[in-house]
Amino acid sequence: MLQANGAEAEEEEQAEEDCPELVPIETKRREEEEKPGPGAKIPVTIISGYLGAGKTTLLNYILTEQHSKRIAVILNEFGEGSAVEKSLAVSQGGELYEEWLELGNGCLCCSVKDSGLRAIENLMQKKGKFDYILLETTGLADPGAVASMFWVDAELGSDIYLDGIVTVVDSKYGLKHLAEEKAGGLINEATRQVALADLIIINKTDLVPEEDLSQLRTAIRYRIMNGSINGLGKILETQRSRVDLSNVLDLHAFDGLSGISLQKKLQYVSATQPHLDQNIITVTFEAPGNAKEESLNVFIQNLLWEKNVRNKDGHCMEVIRLKGLVSIKDRAQQVIVQGVHELYDLEETPVSWDDDAQRTNRLVFIDRFRKAIYPSASLVPRASTQKLRKESLGYHVCVNV
Ligand SMILES: Nc1nc2c(ncn2[C@@H]2O[C@H](COP(=O)(O)OP(=O)(O)OP(=O)(O)O)[C@@H](O)[C@H]2O)c(=O)[nH]1
Ligand SMILES: [Zn+2]
1 MLQANGAEAE
11 EEEQAEEDCP
21 ELVPIETKRR
31 EEEEKPGPGA
41 KIPVTIISGY
51 LGAGKTTLLN
61 YILTEQHSKR
71 IAVILNEFGE
81 GSAVEKSLAV
91 SQGGELYEEW
101 LELGNGCLCC
111 SVKDSGLRAI
121 ENLMQKKGKF
131 DYILLETTGL
141 ADPGAVASMF
151 WVDAELGSDI
161 YLDGIVTVVD
171 SKYGLKHLAE
181 EKAGGLINEA
191 TRQVALADLI
201 IINKTDLVPE
211 EDLSQLRTAI
221 RYRIMNGSIN
231 GLGKILETQR
241 SRVDLSNVLD
251 LHAFDGLSGI
261 SLQKKLQYVS
271 ATQPHLDQNI
281 ITVTFEAPGN
291 AKEESLNVFI
301 QNLLWEKNVR
311 NKDGHCMEVI
321 RLKGLVSIKD
331 RAQQVIVQGV
341 HELYDLEETP
351 VSWDDDAQRT
361 NRLVFIDRFR
371 KAIYPSASLV
381 PRASTQKLRK
391 ESLGYHVCVN
401 V
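Numbering-wise, the numbering used here puts 342 at position 342 of the sequence shown, and it's gapless, one number per residue.
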């Protein structure tokens with residue numbers, strides 16, 4: 001029997017060999033596409049955009065939407081601790097990614113030769129397990145500085161190539177970010193991000209009326225015409241960063257075909273100026289125990305709406321971005337807090353608190369201090385107030401938990 005089967009198989013093979021069809025080659029091609037050989041270069045897409053614009057939402061969307069690619073994710077988070085919230089936010093979308101890599105605190109582009117490159121090099125040791133890299137920069141990063149890694153480092157260039165830069169813009173706050181003035185006439189972060197983008201995604205269109213959108217569109221067009229040598233960044237509008245992925249992945253924006261060299265593009269926008277706004281700081285608060293939902297709301301509203309939380313010099317804290325993981329009384333699930341300027345949201349995650357472990361609340365603020373321009377209200381301490389101190393930053397805030 002075995003022999004007979006063997007003979008049949010041989011006959012089939014023979015028949016296949018005789019047949020001048022392209023089938024075997026096609027099969028091979030498909031395999032090559034799915035599993036790039038050791039020599040194949042891996043594309044990297046940089047996802048940039050100001051704090052809270054919807055980068056992680058886009059990342060999540062790509063991870064859940066895209067099924068034919070094995071995607072590795074590199075996150076560059078700004079602020080200690082926020083990577084945890086981020087990883088929770090991303091993993092809510094599914095567990096499709098192959099690799100998870102987190103950079104330490106600090107900015108990827110400020111430590112190009114150190115953590116940034118090392119992270120990518122480490123990732124490349126797992127080459128063969130993924131065929132695409134998505135790199136999310138911090139909301140304050142200059143994507144140009146991150147992108148420059150890809151042509152500065154020749155060795156890296158043999159493994160991976162920069163496929164494109166995608167910038168997400170917040171419909172509600174984008175205009176404000178683009179208009180922000182920086183000391184010394186420097187180009188602000190939001191403008192750099194937009195000017196360098198191969199694709200601009202105007203996100204959160206659900207939050208604004210058409211007139212505002214149209215104003216934002218005009219501002220962006222003006223920036224890309226003036227800021228980028230190609231002036232051709234494509235603009236799309238989305239809700240929840242839902243965009244046809246053919247517009248995001250495999251753009252080959254810097255290939256010979258596109259006619260734009262990365263170096264040329266970067267020359268224009270990335271001056272050797274400091275790119276992180278020194279006035280923007282990150283503060284992390286931690287408090288053990290459970291928070292009462294109502295008290296948490298009061299605290300966040302004081303912070304974001306009343307803007308009456310101050311440092312010891314009496315300067316008001318203006319929050320640009322707030323992220324947190326909190327434990328709400330009588331809720332088994334961990335709750336994520338998301339805030340962008342005045343808007344915020346509490347969202348239950350599928351992750352439960354460990355029964356035995358101490359619950360903690362952690363909030364990460366990315367903010368800026370302004371001289372007091374608001375009425376001199378202050379947070380009214382309540383019975384269960386816990387004082388959280390961040391001595392190194394020279395101020396403390398009372399949180400009602
Ligand atoms: N209303 C509305 N909210 C959105 C939309 N897209 C994202 N969000 C919310 O905006 C908040 C910020 O989204 P993220 O995707 O975390 O933004 P990000 O750019 O990754 O933020 P950072 O990494 O902190 O800079 C979250 O609460 C999202 O749920 C949208 O289209 N409409
Ligand atoms: Zn940097």
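Think of the CB as a built atom: it goes at the ideal place given N, C-alpha and C, for glycine as much as any other residue.
For residue i, is the classification buried or exposed, using 16 other Cβ atoms within 10 angstroms of its Cβ as the cut-off for buried?
{"i": "residue 302", "result": "buried"}
{"i": "residue 312", "result": "exposed"}
{"i": "residue 296", "result": "buried"}
{"i": "residue 147", "result": "buried"}
{"i": "residue 189", "result": "buried"}
{"i": "residue 209", "result": "exposed"}
{"i": "residue 43", "result": "buried"}
{"i": "residue 342", "result": "exposed"}
{"i": "residue 241", "result": "buried"}
{"i": "residue 145", "result": "buried"}
{"i": "residue 355", "result": "exposed"}
{"i": "residue 184", "result": "exposed"}
At the level of alpha carbons, what is the spacing between residue i and residue j?
{"i": "residue 130", "j": "residue 360", "result": "35 Å"}
{"i": "residue 411", "j": "residue 255", "result": "Given a span of 1 to 401 for the chain in the structure shown, any question on residue 411 remains unanswerable."}
{"i": "residue 122", "j": "residue 314", "result": "45 Å"}
{"i": "residue 225", "j": "residue 176", "result": "19 Å"}
{"i": "residue 373", "j": "residue 217", "result": "Unreliable placement is indicated for residue 373, whose pLDDT of 39 sits below 50; the coordinate value is still reported in the next sentence. About 31 Å."}
{"i": "residue 340", "j": "residue 211", "result": "21 Å"}
{"i": "residue 159", "j": "residue 41", "result": "5 Å"}
{"i": "residue 346", "j": "residue 214", "result": "30 Å"}
{"i": "residue 331", "j": "residue 351", "result": "11 Å"}
{"i": "residue 407", "j": "residue 236", "result": "The structure shown has nothing for residue 407, since the chain only spans 1 to 401."}
{"i": "residue 462", "j": "residue 60", "result": "No information on residue 462 is available, as it lies outside the stretch 1 to 401 that the chain covers here."}
{"i": "residue 63", "j": "residue 364", "result": "25 Å"}
{"i": "residue 317", "j": "residue 308", "result": "7 Å"}
{"i": "residue 251", "j": "residue 289", "result": "48 Å"}
{"i": "residue 335", "j": "residue 328", "result": "7 Å"}
{"i": "residue 138", "j": "residue 174", "result": "16 Å"}
{"i": "residue 233", "j": "residue 253", "result": "10 Å"}
{"i": "residue 182", "j": "residue 283", "result": "22 Å"}
{"i": "residue 161", "j": "residue 287", "result": "43 Å"}
{"i": "residue 353", "j": "residue 293", "result": "16 Å"}
{"i": "residue 68", "j": "residue 150", "result": "25 Å"}
{"i": "residue 70", "j": "residue 298", "result": "43 Å"}
{"i": "residue 179", "j": "residue 310", "result": "25 Å"}
{"i": "residue 205", "j": "residue 358", "result": "40 Å"}
{"i": "residue 305", "j": "residue 187", "result": "28 Å"}
Quick one: measure Cβ to Cβ for residue i and residue j, integer angstroms, because I've assumed they're closer than 8 Å.
{"i": "residue 291", "j": "residue 326", "result": "5 Å"}
{"i": "residue 74", "j": "residue 133", "result": "6 Å"}
{"i": "residue 171", "j": "residue 207", "result": "6 Å"}
{"i": "residue 333", "j": "residue 348", "result": "5 Å"}
{"i": "residue 120", "j": "residue 169", "result": "Residue 120 to residue 169, Cβ: 26 Å. No contact."}
{"i": "residue 203", "j": "residue 238", "result": "5 Å"}
{"i": "residue 46", "j": "residue 143", "result": "5 Å"}
{"i": "residue 194", "j": "residue 223", "result": "5 Å"}
{"i": "residue 321", "j": "residue 366", "result": "4 Å"}
{"i": "residue 362", "j": "residue 324", "result": "6 Å"}
{"i": "residue 136", "j": "residue 191", "result": "Wrong, their Cβ atoms sit about 19 Å apart, outside the cutoff."}
Residue ranges of each alpha helix (DSSP H) within the stretch 120 to 206, 4 or longer: Secondary structure within the stretch 120 to 206: the alpha helix (DSSP H) runs of 4 or more consecutive residues, fully enclosed, are 143 to 152, 154 to 157, 174 to 179, 189 to 196 (chain order).
Given 8 Å, three or more beta-carbon pairs between the stretch 121 to 128 and the stretch 48 to 57: No, they do not touch.
Meets three-Cβ-pair contact criterion under 8 Å: the stretch 188 to 201 and the stretch 241 to 249: Here the stretch 188 to 201 lies against the stretch 241 to 249, with 3 or more beta-carbon pairs under 8 Å apart.
Length at least 3, wholly inside the stretch 319 to 347: the beta strand (DSSP E) runs in chain order: Runs of beta strand (DSSP E) with 3 or more residues, each lying fully within the stretch 319 to 347, are found at 333 to 340, listed in chain order.
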